[in-house]
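2 protein chains.
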Amino acid sequence: MSKSNNVYKDAFNRCLRLLDETKSLPSEPELGTLLGVSRTTVRSILSRMEETGLIDWNKRNKTVLRAPKPEDFFPEEETDTLAEIIERSFMRRLLAEGAEAGMQINELELAREIGVGTTSVREFLIRFSRFGLIEKRRNSHWVLKGFTRAFALELTEIREMFELRSAAAFAALPEDSAVWIDLDQLESEHRQLASEIATRFNEFSELDERFHRLIHRASHNRFIVDFYDVIAMIFHYHYQWNKAEERQRNAVAVQEHLAYIAALKSRDPAKVDAACRKHLKSARQTLLTSIPEGRQAQPA
Amino acid sequence: MSKSNNVYKDAFNRCLRLLDETKSLPSEPELGTLLGVSRTTVRSILSRMEETGLIDWNKRNKTVLRAPKPEDFFPEEETDTLAEIIERSFMRRLLAEGAEAGMQINELELAREIGVGTTSVREFLIRFSRFGLIEKRRNSHWVLKGFTRAFALELTEIREMFELRSAAAFAALPEDSAVWIDLDQLESEHRQLASEIATRFNEFSELDERFHRLIHRASHNRFIVDFYDVIAMIFHYHYQWNKAEERQRNAVAVQEHLAYIAALKSRDPAKVDAACRKHLKSARQTLLTSIPEGRQAQPA
DNA sequence: AAAATGTTTTTTCCCGATAAAAGACATTAC
DNA sequence: GTAATGTCTTTTATCGGGAAAAAACATTTT
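Protein sequence lines, in the order shown, are assigned to chains A and B. Using our numbering, count along the first sequence one by one with no gaps and you end on 1133. Using our numbering, count along the second sequence one by one with no gaps and you end on 1133.
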């Protein structure tokens, strides 16, 4: 089994959800664009849908015969990419107790533990190395640098530099730029969330990422935009692991975002700078306080 | 042939050069550290040296019998790592005429052209992607973003941000920090080079990199330090390709470095800032003027 | 003739296997 | 008893192969 068909399974599941909405499916190329897969995969999906009696398929005619049942879906865990599977396993280890800085990372062991080939693990580690948490010794093992206080400080230093610059660039964008519409949209989503924060606080992460990515894009600098991947990864896993005070934290952050948005809309550089700094300061604080004091780098 | 023995060959060549200097070789572990390889490789080297009559090897005794001849060395091209071979081929293509932005990169084709397996090419492309010149389409090909004016501007924007900050941090370092000794050393190397610039101008690149890396290290930020890899890569290949005005350019840069070093030694933030800005400005100018106007990004 | 479907070819993704290189353990020398 | 050498084991680097997915080409439909 050299390659899993998770692309097909995931697209199949997403296609099932489309069935609820229409009486017949569009053309193969159209479906391909919609699902983000090739026609080859679309045709596999259609074949199975025909076999399981979901649709009647005859050339251009793809009539929906019945609504999808839960058992029509492929199990969620079969739709993940190998990269996602490896990432999750790896991060679990990394954030678990005992993952001290200086520790060696063994490709073969990781591969066996996760149950995948070494190639995939190697490729993952290479991709992951840009996050600054691991480092390769030539012709030898990887070394864990550890999720330390120093790491958090270095990360936030760059983040602050980049975001202040992006925010300034954002505020200087012309009135007719499309970003102002996106910002309005995000603002109303924030207001909506703020009013229901008691129950929906866990939806903040996703909104947070979209908001900051919008701002970073205004820099028109690929290095700044790409750096947000590092931040997003850290926040994603870190907060998954550390849920303390989550509700309170997110409630505060939503308000800071709203103030930040107002400042951007005012287009007053001083106000933007102040609102941005304020939010970044509390974001940094949140990250720092959630790192156990014990986690210090060991001398190599 | 699943793996070439370039590590052995390269270490062997380097070990040959040691033979000139001594009458007998040190212990195996010591040689290993010296050459940066494991004892296993050291023992292979010693075996061959014995076979070819270079040394007499009996346990702890490794007596040099004769000086190495040119034919004792392995050919240079057999000592390169696969990664270096792939990088060179790839960069040649990238900087060659006709490498327009938006162009697809085909792993299989590259692998066949270079004569290596696809795995190595894939790994190279993943590592290379952090330079911001290529981008992956999921489950599909890589796309070349191109060595455009936009790329150069984005790169220099970050470089300037990072270096100004690093230079300021450098100047603020305590008197007794070891960096001041390194700086003195670099200063005298610069003076030496300046006095012989007419003939040694091509040695500037290497000095330039060491100087800037020293400054960036003062930031104590892994993201800043790592970013210099991007700059170094670009400068390395770009100037290999564009030799116009090289001598004049380097002569100017050496003088700017000397002024920059003097500013750092003065530890006056304003002077440091000014000297750093001046040098970065001319570095940016040099890079920009050497990019053909025609090389513009195509809309995706 | 434009756009769909049907068919074939190519490429990507991933595994298992193998030589090179590193690392660990055992033994010997000083 | 420390540090070297000798031997054995494990890991890394790389390839070839094969299924999944994409892409290209050919044919039909409207």
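The C-beta atom is built at its ideal place from N, Cα and C for all residues, glycine as well. Quantities reported herein were computed from a predicted structural model and do not represent experimental measurements.
Residue i versus residue j: straight-line alpha-carbon distance, rounded
i                : j                : result
L1113 of chain B : E863 of chain B  : 43 Å
L986 of chain A  : R1055 of chain B : 10 Å
E1089 of chain A : L1121 of chain A : 18 Å
A1130 of chain A : S999 of chain B  : Model confidence at A1130 of chain A stands at a pLDDT of 47, short of 50, so the residue's coordinates are unreliable; what they give is reported in the following sentence. C-alpha separation (whole angstroms): 22 Å.
S1038 of chain A : K1111 of chain A : 18 Å
L858 of chain B  : S837 of chain B  : 26 Å
P903 of chain A  : D913 of chain A  : 18 Å
L941 of chain A  : I1094 of chain B : 47 Å
F906 of chain B  : E930 of chain A  : 50 Å
K1134 of chain A : R1117 of chain B : For residue 1134 of chain A there is no data in the structure shown, the boundaries of chain A being 834 and 1133.
T989 of chain A  : V1063 of chain A : 11 Å
S835 of chain B  : V1012 of chain B : 44 Å
I1057 of chain A : F995 of chain A  : 6 Å
H1053 of chain A : S1115 of chain B : 23 Å
G869 of chain B  : R847 of chain B  : 10 Å
T1119 of chain A : R1082 of chain A : 8 Å
Y1072 of chain B : E854 of chain A  : 58 Å
K1098 of chain A : S1010 of chain A : 12 Å
W1074 of chain A : Q1018 of chain A : 30 Å
K895 of chain B  : T866 of chain B  : 17 Å
L1091 of chain A : K1076 of chain A : 23 Å
V954 of chain A  : S922 of chain A  : 11 Å
R1100 of chain B : E1078 of chain A : 44 Å
Per-residue contacts from residue i into chain A (C-beta, under 7 Å)
i                : result
M1066 of chain B : In chain order: nothing, as chain A lies at least about 13 Å away.
N972 of chain B  : V840
M994 of chain B  : M994
E987 of chain B  : N1054, R1055, F1056
Contact check, residue i vs residue j, beta carbons under 8 Å
i                : j                : result
L1040 of chain A : D1015 of chain A : no
A1004 of chain B : V1105 of chain B : yes
A1051 of chain A : L1006 of chain A : yes
L915 of chain B  : L898 of chain B  : no
K842 of chain B  : E946 of chain B  : no
P908 of chain A  : L852 of chain A  : no
T874 of chain A  : V840 of chain A  : yes
E956 of chain B  : E917 of chain A  : no
G979 of chain A  : E920 of chain A  : no
A1096 of chain A : A1108 of chain A : yes
A1002 of chain A : P1102 of chain A : no
R881 of chain B  : S860 of chain B  : no
I991 of chain B  : F1060 of chain B : yes
R948 of chain B  : L977 of chain B  : A quick correction: the sequence has Gly, not Arg, at residue 948 of chain B. No.
F1034 of chain B : R1080 of chain B : yes
I959 of chain B  : I938 of chain A  : no
Residue i: CB within 7 Å of a non-hydrogen atom of the ligand GTP
i                : result
S1038 of chain A : Judged by which ligands are present, the structure shown has none, so any question about the ligand GTP falls away.
Proximal residues to residue i (C-beta, below 6 Å), its chain only, five neighbours per side dropped
i                : result
W890 of chain B  : L879, E883
E1042 of chain B : A1065
S877 of chain B  : Y841
E1008 of chain A : none
Within chain B, the residues that residue i reaches when beta carbons sit closer than 7 Å
i               : result
G950 of chain A : None at all; the shortest Cβ gap to chain B is about 10 Å.
Spatial neighbours of residue i in its chain, beta-carbon cut-off 7 Å, leaving aside the 5 residues before and after
i                : result
V1087 of chain A : H1023, L1026, A1027, I1030, F1037
G950 of chain B  : A944
M924 of chain B  : Y1070
F964 of chain B  : V1063, M1066
L849 of chain B  : P901, D905, F906
K969 of chain A  : S962, W975
A844 of chain A  : L868, V870, T874, I878
Where residue i meets chain A, residues with beta-carbon distance less than 9 Å
i               : result
G965 of chain B : R1055, F1056, D1059
Chain-ordered neighbours of residue i on chain B, where CB pairs are closer than 8 Å
i                : result
R1110 of chain A : The premise fails here: R1110 of chain A is roughly 16 Å from chain B at the closest Cβ pair, so nothing lies under 8 Å.
I991 of chain A  : N1054, F1056, I1057
Chain-ordered neighbours of residue i on chain A, where CB pairs are closer than 8 Å
i                : result
I1153 of chain B : Given a span of 834 to 1133 for chain B in the structure shown, any question on residue 1153 of chain B remains unanswerable.
Cross-chain neighbours of residue i in chain B, by beta carbon under 9 Å
i               : result
I959 of chain A : E956, I959, R960
Cutoff 8 Å; reference residue i; Cβ partners in own chain excluding five residues on either side
i                : result
I1124 of chain A : F980, T981, R982, A985
When you check each C-beta in the stretch 1035-1060 of chain B against every C-beta of chain A, which residues fall closer than 8 Å?
H1053, N1054, R1055, F1056, I1057, D1059, F1060
Below 8 Å between beta carbons is the criterion; list the residues of the stretch 929-947 of chain A that meet it against any residue of chain B, in chain order.
none
Looking at chain A, which residues of the stretch 865-886 of chain B have a Cβ within less than 7 Å of any of its Cβ atoms?
none
What residues in the stretch 834-859 of chain A bring their beta carbon closer than 7 Å to a beta carbon of chain B?
V840
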